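In the working numbering, the protein residues as written are 1 to 363.
Built from N, CA and C at the ideal position, the CB exists for glycine as well.
Values in this document were obtained by computation on a predicted structure and should not be read as measured data.
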């Protein structure tokens, strides 16, 4: 039973053994250091003594419940490495690559500390540093991985972190005219068949870069494409083929005839380039011809937004685009196109002007 002691100030303090850490002395010799958990009460009466003793007891009981053992004596870096290793054959190679990057480049001030000695304040300080250099989404993703590591190696520790607010995503959605001009240019040039088919698959699928680069002719039947594989980078920066991003990503897309007829002209592997090369070539094409600036991925935004403007049910848009969550569709892809918005605004204003008997009906 832990026993509290009175401090010179009259307050009560109760210390209990927490864990042991390995340290080195001034000569470089390894030794073990016992770490204690301290509980203090400013109540100078017997009630304060009982309070800290109860807190100490509760700590010991919860400590011993962790997997039925004392805390695992590892550093946060070792915990990160262990977590990633356990997930290597389950998660996507690109996800593992991102995890390894976080383990190497982030949370540096606490990586060498024993995971059981890290406090919420130290985690908050690290998140503040990360947030100053990264977007809210990236910061939240890094914190999410940290939380998963703690959940596995220190499950009773409650992380209380204030995260940056989610940012409003400012998307650039190409218009019908932009896509039409883009396709005319790449088709008339006839120099880059890989990029041409990639644009068609993204704009009228919509397919992701990784899915386009993972597509083989055996997954095409007439005008129907079975999206089954994706090309991604692993932690060694090698391009590898894997199954699609999620269960929803494995899907069948029926393409318009003018796209499907081009499939016959391509070899077994539909495009011979990787996702990074698609991005580079697309950016060069946009710059060379002075086209409206947008990303290759925005062609997916275009496709989803057109479907929404046409009144296609959300469930079908999700299925065709490979989105597993309606929230993603609502928060990212459901944006009114500029030309459609102008048309609707014209109809609304014409109606109001008729009601007020004006002579300025818009045309």
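Contact between the stretch 166-182 and the stretch 288-304 is defined here as three or more beta-carbon pairs at a separation below 8 Å; is this criterion met? As far as the Cβ criterion goes, the stretch 166-182 touches the stretch 288-304, which means the pair count is three or higher.
### Query
If you draw a straight line from the alpha carbon of residue 271 to that of residue 31, how long is it in whole angstroms?
Here residue 271 corresponds to residue number 271 of the chain shown, with the count starting at 1. Here residue 31 corresponds to residue number 31 of the chain shown, with the count starting at 1. The C-alpha of residue 31 is placed about 59 Å away from the C-alpha of residue 271.
- [ ] Please go through the stretch 118-172 and give each complete alpha helix (DSSP H) segment of 4 or more residues, from N-terminal end onward.
- [x] As far as the stretch 118-172 is concerned, its whole alpha helix (DSSP H) runs of at least 4 residues are 120-133 and 136-153.
Check your understanding: With a Cβ-Cβ cutoff of 7 Å, do residue 120 and residue 160 count as a contact?
Key -> Start at 1 with the first residue of the chain shown, and residue 120 comes out as number 120. Start at 1 with the first residue of the chain shown, and residue 160 comes out as number 160. Note that the C-beta distance between residue 120 and residue 160 is below 7 Å.
Closer than 6 Å: residue 98 CB and nearest the ligand GDP heavy atom: You won't find the ligand GDP in this model; it holds no ligand whatsoever.
Self-check item: Assigned exposure category for residue 5 - 16 Cβ within 10 Å defines buried
Solution: Looking up residue 5 in the chain shown gives position 5. With fewer than 16 other Cβ atoms from the protein chains shown falling within 10 Å of its own Cβ, residue 5 counts as exposed.
* Would you decide whether residue 326 is buried or exposed? Buried here means 16 or more other CB atoms lie within 10 Å of its CB. => By 1-based counting over the chain shown, the position of residue 326 is 326. Residue 326 should be labelled exposed.
Can you confirm whether the stretch 275-287 touches the stretch 198-212 when touching is taken to mean that 3 or more C-beta pairs between the two stretches lie within less than 8 Å? The stretch 198-212 makes contact with the stretch 275-287; the number of CB pairs closer than 8 Å reaches 3 or more.
If you pair each beta-carbon of the stretch 143-162 with each one of the stretch 249-268, do three or more pairs fall below 8 Å?
Fewer than three beta-carbon pairs drawn from the stretch 143-162 and the stretch 249-268 are found closer than 8 Å, and the two stretches are therefore not classed as touching.
query = Rounded to the nearest angstrom, how far is the Cβ of residue 320 from that of residue 253, given a contact under 8 Å?
reply = Within the chain shown, the letter at position 320 stands for residue 320. Within the chain shown, the letter at position 253 stands for residue 253. Indeed, because the Cβ distance is near 6 Å, the residues count as touching under 8 Å.
Just to confirm the assignment, what range does the beta strand (DSSP E) spanning residue 231 have? As a first step, residue 231 must be located in the chain shown, where it is residue number 231. For residue 231, the enclosing beta strand (DSSP E) has its first and last residue at 229-233.
* Specify, as a first and last residue, the run of the alpha helix (DSSP H) that residue 96 falls within. => If you number the chain shown from 1, residue 96 lands on position 96. Per DSSP, the unbroken alpha helix (DSSP H) holding residue 96 starts and ends at 93-105.
**Item:** residue 67 versus residue 154: straight-line alpha-carbon distance, rounded
**Value:** As a working note, residue 67 is residue 67 in the chain shown. As a working note, residue 154 is residue 154 in the chain shown. The pLDDT assigned to residue 67 is 45, lower than 50, so where the model puts this residue is not dependable, and the model offers no usable value.
*Would you mind stating whether residue 112 and residue 75 have Cβ atoms separated by less than 7 Å?*
For the purposes of this step, residue 112 is identified with residue 112 of the chain shown, where counting begins at 1. For the purposes of this step, residue 75 is identified with residue 75 of the chain shown, where counting begins at 1. The answer is yes: Cβ separation under 7 Å.
- Item | Minimum C-alpha distance to residue 194 - residue among 265, 348, 152 and 234 | Within the chain shown, the letter at position 194 stands for residue 194. Nearest C-alpha to residue 194 among 265, 348, 152 and 234: 265.
- Taking all protein chains shown into account, decide if residue 170 is buried (16 or more other Cβ within 10 angstroms of its Cβ) or exposed. In the chain shown, residue 170 corresponds to position 170, counting from 1. Residue 170 is exposed by the Cβ-count criterion.
- What number of angstroms, rounded off, separates the C-alpha of residue 312 from the C-alpha of residue 348? Position 312 of the chain shown holds residue 312. Position 348 of the chain shown holds residue 348. So the two alpha carbons sit approximately 22 Å from each other.
Note to self: Tell me the residue span of the beta strand (DSSP E) that contains residue 251.
What the structure shows: To locate residue 251, count along the chain shown from 1; it is residue 251. That run of the beta strand (DSSP E) goes 251-254.
Exercise for the section: Could you tell me which uninterrupted alpha helix (DSSP H) segments, each at least 4 residues in length, are contained entirely in the stretch 274-348, listed from first to last along the chain? Expected result: Entirely contained in the stretch 274-348, the alpha helix (DSSP H) runs reaching 4 residues are, in chain order, 275-288, 298-309 and 314-321.
| message | Between the alpha carbons of residue 318 and residue 324, how many angstroms are there, rounded? | response | Counted from its first residue, the chain shown places residue 318 at position 318. Counted from its first residue, the chain shown places residue 324 at position 324. Our two residues, residue 318 and residue 324, have alpha carbons roughly 7 Å apart in a direct line.
Next on the checklist: Going by beta-carbon coordinates alone, are residue 93 and residue 136 separated by less than 7 Å?
Outcome noted: Locating residue 93 in the chain shown gives position 93, counting from the first residue. Locating residue 136 in the chain shown gives position 136, counting from the first residue. No; because the gap between Cβ atoms is not below 7 Å, this pair is not in contact.
Output the boundary residues of the alpha helix (DSSP H) element that contains residue 180. Stepping through the chain shown from its first residue, residue 180 is reached at position 180. 176-189 is the span of the alpha helix (DSSP H), which, as asked, contains residue 180.
| said: Beta-carbon within less than 7 Å of residue 203's beta-carbon, same chain only, minus the 5 sequence neighbours each way: which residues are those? | reply: The residue labelled residue 203 in the question sits at position 203 within the chain shown. Same-chain partners within the cutoff: 179, 299, 302 and 303.
* To do: Between the Cα of residue 232 and those of 47, 220, 245 and 127, spot the shortest distance and give me the residue it belongs to.
  => Against the chain shown, residue 232 aligns to sequence position 232. In this structure, 245 is the residue among 47, 220, 245 and 127 with its C-alpha nearest to the C-alpha of residue 232.
inquiry  = Does residue 296 pass the burial test, meaning 16 or more other C-beta atoms within 10 Å, or should it be called exposed?
reply    = As a position in the chain shown, residue 296 is number 296, starting the count at 1. With 16 or more Cβ atoms within 10 Å of its Cβ, residue 296 is classed as buried.
**Item:** DSSP bridge partner residues for residue 38 (one or two, in chain order)
**Value:** Within the chain shown, the letter at position 38 stands for residue 38. For residue 38, which the question treats as bridged, DSSP gives the partners 15.
Between 80, 126 and 226, which lies nearest to residue 104 when the distance is taken from Cα to Cα? For this step, residue 104 is matched to residue 104 along the chain shown. Of 80, 126 and 226, the residue nearest in Cα terms is 80.
Exercise. Considering only residues of the same chain and omitting the five flanking positions on each side of residue 16, which have a CB-CB separation below 7 Å?
Worked result: Residue numbering aside, residue 16 sits at position 16 when the chain shown is read from its first letter. Correct list, in chain order: 2, 36, 37, 56, 59 and 60.
Q.
Please state the DSSP three-state secondary structure of residue 240.
A. As a first step, residue 240 must be located in the chain shown, where it is residue number 240. DSSP, read as helix, strand or coil, puts residue 240 in strand.
**OP:** May I ask you to report which of helix, strand or coil DSSP gives residue 108?
**Re:** Translated into positions along the chain shown, residue 108 becomes position 108. In this structure, residue 108 counts as coil in the three-state DSSP scheme.
Discussion item. I need the straight-line Cα distance from residue 208 to residue 278, nearest angstrom please.
Written reply: For the purposes of this step, residue 208 is identified with residue 208 of the chain shown, where counting begins at 1. For the purposes of this step, residue 278 is identified with residue 278 of the chain shown, where counting begins at 1. So the alpha carbons of these two residues sit roughly 11 Å apart.
Quiz item: Hey, residue 375 and residue 322: beta-carbon distance below 7 Å or not?
Solution: Nothing about residue 375 can be reported from this structure: the residues present for the chain run from 1 to 363 only.
Exercise for review: Given a cut-off of 7 Å, decide if residue 229 and residue 97 are closer than it, judged by their beta-carbon atoms.
Suggested key: Mapped onto the chain shown, residue 97 falls at position 97. Mapped onto the chain shown, residue 229 falls at position 229. Between residue 97 and residue 229, the C-beta gap is not smaller than 7 Å, which leaves the two residues out of contact.
Where residue 192 and residue 183 are concerned, what is the direct C-alpha to C-alpha distance, given to the nearest angstrom? As a working mapping, residue 192 is identified with position 192 in the chain shown. As a working mapping, residue 183 is identified with position 183 in the chain shown. So the alpha carbons of these two residues sit roughly 12 Å apart.
For this session: Measure the C-alpha to C-alpha separation of residue 273 and residue 88 and round it to an integer number of angstroms.
Result: In the chain shown, the residue the question calls residue 273 occupies position 273. In the chain shown, the residue the question calls residue 88 occupies position 88. Using only the alpha carbons, I get a separation of about 26 Å.
Legend entry - Beta-carbon proximity check, residue 187 vs residue 275, cutoff 7 Å: As a working note, residue 187 is residue 187 in the chain shown. As a working note, residue 275 is residue 275 in the chain shown. Taking 7 Å as the Cβ cut-off, residue 187 and residue 275 do not qualify as a contacting pair.
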